[in-house]
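Colleague:
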Amino acid sequence: MAPTLPSDFEQQVLLAVWRLGDDAYGTTVRDELEARIGRVVAQGAIYTTLVRLEKKGLVGSAMSDPTPVRGGKAKRFFRITPEGVQGVQAARSAMDRLWDGLPEASEASGR
Amino acid sequence: MSRRPPFLARLLGRAILPRSVRDDFMGDLDERFAREALDDPAAARRAYWHDVLSPTVLRLRREVKGMPLPPGARPRNATGDGFMSSLMTDLKFAFRQMRKAPVFTAVAVLSLALGIGPNTAIFSLVDAALLQDWGVPEPERIVDMYELTSGGEYYYTYYSVYERIVEGTPNQFEAVAASAQTTLNAQVTESADGEFILGEMVTGNYFDVLGVSAGRGRTFLPEEDATPGTHPVVVISHRFWQRSFGGASDVVGSEFRLNGRPYTVIGIAPEEFKGRIAPGIGSDFWVPIRMYPHLAPTQMTNGNLFFVGRLAPGVSTAQATAALDAVAARYNESRPESRSTFAIGAVNLADVTLHPGMDRIVGAMAALLFGAVGLVLLVACVNLAGFLLARSTERRKEMAIRIAMGATRRDIIRQLTVESVVLATLGGVVGLALGLAASRLFLGVRLPIDIPLHLEVGLNGRLLLFTGASVLIAAVIFGLTPALEALRAPTAATLRDESGAAGGRRKGTMRGVLVAGQMALSTFLLFGAGLFLRSLQEATSVDVGFDTGPAAVVTVEAWASEMTDEERSAFAFELLRQTQALPGVRAVATTSRMPLDIGVTNTGFDIPGVDPPPDQNRHVIEFAAVSSSYFDFMGIQVVEGVGLDGLDSDTTNTSAVLTRAAAERWWPGESAIGRVMYRGGNTDRPVTVIGVVDDTKIWSLTEAPRPYLYFPMSANAFGRYHVLAKGTLPPQRTADAIRDAARTLRSDVFVSDTGTMSSHLSYIYFLPRMAALILSAVGVLALILACVGLYGLVSYAVAQRTREMGVRMALGADSGEVVGMVVKSGLAVVVIGGILGVIASVGLGSLLERFLIGVDGLDPLTLLAAPLLLTGIAALAAYLPARRASRVNPVDALRSE
Numbered sequence: 001m002a003p004t005l006p007s008d009f010e011q012q013v014l015l016a017v018w019r020l021g022d023d024a025y026g027t028t029v030r031d032e033l034e035a036r037i038g039r040v041v042a043q044g045a046i047y048t049t050l051v052r053l054e055k056k057g058l059v060g061s062a063m064s065d066p067t068p069v070r071g072g073k074a075k076r077f078f079r080i081t082p083e084g085v086q087g088v089q090a091a092r093s094a095m096d097r098l099w100d101g102l103p104e105a106s107e108a109s110g111r
Numbered sequence: 001m002s003r004r005p006p007f008l009a010r011l012l013g014r015a016i017l018p019r020s021v022r023d024d025f026m027g028d029l030d031e032r033f034a035r036e037a038l039d040d041p042a043a044a045r046r047a048y049w050h051d052v053l054s055p056t057v058l059r060l061r062r063e064v065k066g067m068p069l070p071p072g073a074r075p076r077n078a079t080g081d082g083f084m085s086s087l088m089t090d091l092k093f094a095f096r097q098m099r100k101a102p103v104f105t106a107v108a109v110l111s112l113a114l115g116i117g118p119n120t121a122i123f124s125l126v127d128a129a130l131l132q133d134w135g136v137p138e139p140e141r142i143v144d145m146y147e148l149t150s151g152g153e154y155y156y157t158y159y160s161v162y163e164r165i166v167e168g169t170p171n172q173f174e175a176v177a178a179s180a181q182t183t184l185n186a187q188v189t190e191s192a193d194g195e196f197i198l199g200e201m202v203t204g205n206y207f208d209v210l211g212v213s214a215g216r217g218r219t220f221l222p223e224e225d226a227t228p229g230t231h232p233v234v235v236i237s238h239r240f241w242q243r244s245f246g247g248a249s250d251v252v253g254s255e256f257r258l259n260g261r262p263y264t265v266i267g268i269a270p271e272e273f274k275g276r277i278a279p280g281i282g283s284d285f286w287v288p289i290r291m292y293p294h295l296a297p298t299q300m301t302n303g304n305l306f307f308v309g310r311l312a313p314g315v316s317t318a319q320a321t322a323a324l325d326a327v328a329a330r331y332n333e334s335r336p337e338s339r340s341t342f343a344i345g346a347v348n349l350a351d352v353t354l355h356p357g358m359d360r361i362v363g364a365m366a367a368l369l370f371g372a373v374g375l376v377l378l379v380a381c382v383n384l385a386g387f388l389l390a391r392s393t394e395r396r397k398e399m400a401i402r403i404a405m406g407a408t409r410r411d412i413i414r415q416l417t418v419e420s421v422v423l424a425t426l427g428g429v430v431g432l433a434l435g436l437a438a439s440r441l442f443l444g445v446r447l448p449i450d451i452p453l454h455l456e457v458g459l460n461g462r463l464l465l466f467t468g469a470s471v472l473i474a475a476v477i478f479g480l481t482p483a484l485e486a487l488r489a490p491t492a493a494t495l496r497d498e499s500g501a502a503g504g505r506r507k508g509t510m511r512g513v514l515v516a517g518q519m520a521l522s523t524f525l526l527f528g529a530g531l532f533l534r535s536l537q538e539a540t541s542v543d544v545g546f547d548t549g550p551a552a553v554v555t556v557e558a559w560a561s562e563m564t565d566e567e568r569s570a571f572a573f574e575l576l577r578q579t580q581a582l583p584g585v586r587a588v589a590t591t592s593r594m595p596l597d598i599g600v601t602n603t604g605f606d607i608p609g610v611d612p613p614p615d616q617n618r619h620v621i622e623f624a625a626v627s628s629s630y631f632d633f634m635g636i637q638v639v640e641g642v643g644l645d646g647l648d649s650d651t652t653n654t655s656a657v658l659t660r661a662a663a664e665r666w667w668p669g670e671s672a673i674g675r676v677m678y679r680g681g682n683t684d685r686p687v688t689v690i691g692v693v694d695d696t697k698i699w700s701l702t703e704a705p706r707p708y709l710y711f712p713m714s715a716n717a718f719g720r721y722h723v724l725a726k727g728t729l730p731p732q733r734t735a736d737a738i739r740d741a742a743r744t745l746r747s748d749v750f751v752s753d754t755g756t757m758s759s760h761l762s763y764i765y766f767l768p769r770m771a772a773l774i775l776s777a778v779g780v781l782a783l784i785l786a787c788v789g790l791y792g793l794v795s796y797a798v799a800q801r802t803r804e805m806g807v808r809m810a811l812g813a814d815s816g817e818v819v820g821m822v823v824k825s826g827l828a829v830v831v832i833g834g835i836l837g838v839i840a841s842v843g844l845g846s847l848l849e850r851f852l853i854g855v856d857g858l859d860p861l862t863l864l865a866a867p868l869l870l871t872g873i874a875a876l877a878a879y880l881p882a883r884r885a886s887r888v889n890p891v892d893a894l895r896s897e
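Same order as they appear, the protein sequences are chains P and C.
Per the working numbering: the first sequence = residues 1 to 111.
Per the working numbering: the second sequence = residues 1 to 897.
#1: Could you check what DSSP says for GLY872(C) in three-state terms: helix, strand or coil?
#2: Measure from the C-beta of SER54(C) to each C-beta in chain P and report whether the shortest distance is under 8 Å.
#3: On the three-pair Cβ rule with 8 Å, is the segment 306-316 of chain C touching the segment 119-131 of chain C?
#4: Please say whether ASN259(C) and LYS185(C) have beta carbons closer to each other than 8 Å?
#5: In chain C, which residues lie less than 8 Å from VAL51(P) when you measure between Cβ atoms?
#6: My output table needs one value for GLY217(C): the three-state DSSP class, helix, strand or coil.
#7: Take the Cβ of LYS75(P) as the centre, count every other Cβ of all protein chains shown within 10 Å, and call the residue buried at 16 or more, exposed below.
#8: Have a look at ILE738(C), VAL794(C), PRO686(C) and VAL347(C) and flag the residue whose alpha-carbon is nearest the alpha-carbon of VAL553(C).
#9: When you compare the CB of VAL57(C) with every CB in chain P, is at least one pair closer than 8 Å?
#10: Please compile the residues from chain P whose C-beta is within a distance smaller than 7 Å of the C-beta of GLY27(C).
#11: Check the Cβ-Cβ distances between ALA24(P) and every residue of chain C, and say whether any is below 8 Å.
#12: At a CB-CB cut-off below 8 Å, which residues of chain P make contact with ASP24(C)?
#13: Chain C beta carbons: is any one of them nearer than 8 Å to that of GLN43(P)?
#14: Taking the alpha carbon of GLN907(C) as the point to measure from, which residue in ARG391(C), GLY468(C), LEU775(C) and GLY363(C) has its own alpha carbon closest?
#15: Tell me the rounded alpha-carbon separation between PRO705(C) and PHE623(C).
#16: Note down the Cα distance separating ALA828(C) from ARG769(C), rounded to an integer number of angstroms.
#17: Between which two residues does the beta strand (DSSP E) containing GLY345(C) stretch?
#18: What distance in whole Å lies between the Cβ atoms of GLY115(C) and ALA438(C), which are believed to be in contact at a cut-off of 8 Å?
#19: For ASP51(C) and chain P, any beta-carbon pair shorter than 8 Å?
#20: Apart from the five residues just before and just after SER627(C), which ones in its own chain have a Cβ nearer than 6 Å to its Cβ?
#21: I'd like to know if THR4(P) contacts chain C, where contact means its C-beta is closer than 8 Å to some C-beta of that chain.
#22: Are the segment 394-407 of chain C and the segment 554-573 of chain C touching, with three or more C-beta to C-beta distances below 8 Å?
#23: For my contact list, GLY204(C) and PRO293(C) are in at a C-beta cut-off of 8 Å; report their separation, rounded to the angstrom.
#24: Which whole-angstrom value is the C-beta distance of VAL315(C) and SER244(C), which I expect to be below 8 Å?
#25: Determine the extent of the alpha helix (DSSP H) in which TYR48(C) is found, giving its start and end residues.
#26: Of all the CB atoms in chain C, is at least one closer than 8 Å to the CB of THR81(P)?
#27: Could you tell me which uninterrupted alpha helix (DSSP H) segments, each at least 4 residues in length, are contained entirely in the segment 356-432 of chain C, listed from first to last along the chain?
#28: I need the straight-line Cα distance from SER671(C) to PHE370(C), nearest angstrom please.
#29: With a 10 Å radius around its C-beta and 16 neighbouring C-beta atoms as the bar for buried, classify GLU241(C) as buried or exposed.
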């Protein structure tokens with residue numbers, strides 16, 4: 001059987017990292033999620049997920065040079081790995097298969 | 001608000017996070033904060049705290065811990081990396097221990113809370129009264145100046161002294177201002193009742209000298225203090241503005257009445273500036289000093305000024321003091337005939353808490369209170385040390401197992417320390433709450449004097465710091481000793497369940513020290529509290545020399561309204577007549593000063609043939625102007641000559657009545673009748689002595705009989721006086737009726753107090769009563785704590801000897817003898833402690849003597865009561881478990897342990 005699919009929140013974080021490309025670090029990932037799905041997330045939740053995704057090999061990370069606005073602290077940039085891309089795609093196709101033959105959300109009523 | 005991330009949150013975040021994600025995580029938070037703080041710094045700080053305190057941070061910590069360790073790294077212990085995580089483990093363990101022994105925890109926490117509570121209460125009061133800022137920028141550049149008496153006391157003084165100082169120190173001070181503490185009747189609206197407010201009459205440069213500018217409006221212009229009585233303007237305090245004007249924005253420029261005269265508000269002082277009376281009391285108004293004749297003509301001659309100078313750049317306080325000494329020396333040279341020496345006392349404002357003379361007394365009182373409550377805390381600590389010591393015996397097996405499993409001494413000490421810190425912190429939190437409640441209760445006590453006191457008690461950084469320090473000290477004192485003791489037990493023997501392995505003799509010694517210490521401390525503390533209680537008892541039974549039975553005492557402040565002298569005197573006589581006619585009234589009298597009141601009315605006299613005291617040019621004699629009925633009313637006997645009968649309205653008469661102490665001092669062994677005295681040296685109108693009356697207490701309950709002079713009431717300008725009445729009705733009802741009569745007569749006359757003889761006297765009994773109240777509360781607390789602690793320690797020690805008693809009885813000893821022996825040896829340390837306590841109490845007694853009234857510092861009854869009571873309790877604590885042990889079957893006793 002294929003490796004376990006990333007959870008909902010993991011998928012959301014993975015997609016944000018993928019979309020942000022070279023500019024994915026804690027603050028931007030958080031902003032991205034807040035902007036796109038209007039969900040306020042604690043910094044700790046983002047980081048926990050990023051660390052877990054890194055352990056699973058779905059993202060990789062590298063430290064940048066320190067910047068003054070951050071009190072002289074370095075940023076940790078994340079980047080989605082090929083496995084990560086596979087993971088979100090597998091999750092999506094699984095969802096698609098489950099959705100197959102059902103009416104679109106706009107047509108559904110009384111779920 | 002600061003544009004920087006909250007320091008504590010940052011520290012906490014860094015402490016929790018593992019190193020591998022610490023910098024980048026916190027950097028992200030800082031970046032976000034920097035962005036959000038541009039809009040709303042407060043919200044950004046909240047969000048920052050929110051992120052740090054979020055449980056997800058702990059989840060992240062666990063997540064990272066699960067990561068493979070970098071090569072070469074080794075975990076410090078099984079649960080995590082280093083200090084934070086082992087601290088967490090210890091904390092968790094401590095809470096588990098406390099849950100396992102809820103009774104122990106409750107007793108320990110409560111006991112400690114009762115020790116810390118009084119400390120917090122006293123500290124918050126001292127903080128509110130003494131540790132407040134003057135609200136003056138650069139206090140080190142301000143110098144306060146007073147007249148310094150030959151006895152080294154700082155006195156308020158006269159305007160002429162101000163002129164001398166200003167003239168003599170042009171280079172030392174940029175400017176010098178004068179201030180006189182004054183109470184005025186303020187009527188904020190035409191219809192409002194007047195209220196007494198406390199404030200200052202000041203020279204026009206007062207605010208400039210102090211470097212304070214108005215919060216709203218402006219302060220005084222130079223011309224507003226240039227000519228007498230021409231500028232009715234007032235600066236009010238922020239607090240008065242809030243309280244009486246509801247903070248209305250249009251107050252500046254409006255008028256309200258001071259002593260019945262309209263004054264224009266030109267400014268409101270900034271909130272942090274509390275004036276120069278006392279930071280904990282605060283001034284509510286400032287009026288140009290040249291308005292004195294306009295506001296209070298009868299008070300003009302009072303020497304009630306002190307001065308503040310702003311040092312010129314580069315001038316030190318010492319240089320200014322030298323210049324002031326020169327001013328005083330020049331003045332003394334200019335009047336070689338004078339018997340007194342003039343001197344100026346100067347103090348830097350940075351060194352003044354309230355007033356240079358008061359600081360010592362108030363400081364001593366505060367030290368006394370702190371000493372008492374500090375001892376209570378110590379008693380509580382000793383208690384807990386005892387509890388923990390007993391408990392450490394029960395836990396010695398646990399410790400032995402932990403050591404056998406590889407825990408180091410450091411681990412065990414750390415864990416035990418964490419446990420006591422947790423206990424102490426809980427105790428501290430409960431104590432803080434108790435203390436704040438107590439201090440609020442204390443402030444709710446109505447002060448017997450008409451000073452609007454506005455102390456603010458509440459949580460603040462200083463208070464938290466103080467409680468935190470108390471907690472830490474408590475934790476160290478009561479926690480570490482038993483912790484160290486626990487480590488002395490030999491591991492192997494303990495594990496084998498061998499009796500006597502509990503540290504044996506050492507532990508016995510430790511317990512002995514605790515019992516003796518507890519006993520000594522409690523004896524000492526209870527003795528102190530007992531002395532104050534006895535002192536109050538004595539104070540209330542001192543013969544004050546006048547009738548203190550029920551009577552109405554109504555204070556009329558006629559000077560505070562606009563009337564001519566004739567109107568004032570007509571008003572006074574009419575009020576007296578109407579009072580006499582009130583239902584149920586049998587007797588009435590008036591006096592310009594009540595005995596045992598605050599405040600002094602005195603004047604200088606020449607007495608032919610009698611030299612004034614050394615250092616003085618004249619006899620300074622206190623006096624009161626009284627109605628002829630006063631002596632009868634107060635039950636004061638005329639011992640020679642006559643009273644003041646028939647002189648009430650005779651304004652040309654210059655007779656006076658003296659007290660026995662005055663007659664005996666000036667004409668010992670001779671008659672005083674017919675002698676003359678010259679008021680202010682004025683030989684044109686000699687004052688003739690027509691009678692001598694018995695002495696009364698004038699100022700205080702402890703004073704020796706003082707010379708005192710009574711004039712007929714017409715000699716008083718009827719500015720301020722008390723109307724006294726007694727009869728068949730309750731005195732408060734009569735007092736209200738007198739006030740109503742006064743209001744009906746003239747609605748603009750201000751009645752400042754509608755009270756009774758007992759409310760008047762509550763002032764003089766206030767301090768001893770308060771001291772007795774606090775100290776008896778402290779004493780009762782100490783007694784409870786001491787009893788609990790002593791009982792616990794002694795009974796535990798005796799119970800430890802059950803096995804030995806069993807052995808002795810198995811060998812044929814009589815059970816009564818065994819009980820006697822155990823009780824005796826248990827009491828030995830108690831008696832040693834008691835003796836130590838009595839020795840310390842003897843020292844305490846002589847220290848406290850100056851605070852006591854009518855009680856010897858070594859009052860034997862008090863000295864013996866505490867140790868006897870405590871020994872009794874200890875005897876009971878020893879006897880009960882010993883008797884129980886003696887009834888146990890010796891075989892069972894041998895098996896116990």
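Using N, Cα and C, we set each Cβ at its ideal position, and we do this for glycine too.
Modeller: On the basis of the coordinates in this document:
#1: helix
#2: yes
#3: no
#4: A small correction: the amino acid at residue 185(C) is Asn; Lys does not occupy that position in the sequence shown. Cβ atoms of ASN185(C) and ASN259(C): closer than 8 Å.
#5: VAL21, LEU60, GLU63, VAL64 and MET67
#6: strand
#7: buried
#8: ILE738(C)
#9: yes
#10: ARG70, GLY71, LYS73, ALA74 and LYS75
#11: no
#12: TYR25, GLY26, MET63, LYS73, ALA74, LYS75 and ARG76
#13: yes
#14: With chain C covering only 1 through 897, there is no way to say anything about residue 907(C).
#15: 14 Å
#16: 38 Å
#17: 344-348
#18: Contact doesn't hold; Cβ gap of about 13 Å is too wide.
#19: yes
#20: ALA589, THR590, ASP648 and MET713
#21: no
#22: no
#23: Incorrect: roughly 16 Å between the Cβ atoms, too far for contact.
#24: The Cβ separation is near 40 Å, so there is no contact.
#25: 41-53
#26: no
#27: 356-394 and 396-404
#28: 52 Å
#29: The sequence shown places Trp at residue 241(C), not Glu. Classification of TRP241(C): buried, given that the 10 Å Cβ count is 16 or more.
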